[in-house]
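Numbering-wise, the sequence shown is residues -18 to -1, 1 to 64 according to mature numbering (1 follows the signal peptide of the UniProt record, and there is no 0).
Worksheet: one structure, shown below.
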Amino acid sequence: MLLRSWLSGLVFTGLAACFQSYCKCDCEVNYEILELDIAHGCSQCTVQYCLDQKIDMCRDPENRELMTAYCFRKYRELDPQS
């Protein structure tokens, strides 16, 4: 039973490494897509995270009120050499 749990965890970890998380910081008229830290993933993608990045297009106080943060994941092929 323990071996099965360990193998399941190993397979899940390998699959998770194939996806990269991104945060789309949208300031109504413009947006920027930022690559997120793999350890934190989508939990890191918040409006406050976007503001902390000091994105130029989001400095206007009017835009900040309309700002949204959206997380998405994209498949990424791993380099077998690394």
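Ideal Cβ placement from N, Cα and C applies to all residues, glycine included.
- Residue state for D34 is assigned as helix, using DSSP reduced to three classes.
- Secondary structure of C27 (DSSP, three-state): coil.
- By the CB criterion at 7 Å, Q26 and L16 fall outside the cutoff.
- The beta carbon of R58 is closer than 7 Å to those of C(-1), F1, Q2 in its chain, skipping five residues each way along the sequence.
- Taking the Cα positions, I37 is about 22 Å away from K56.
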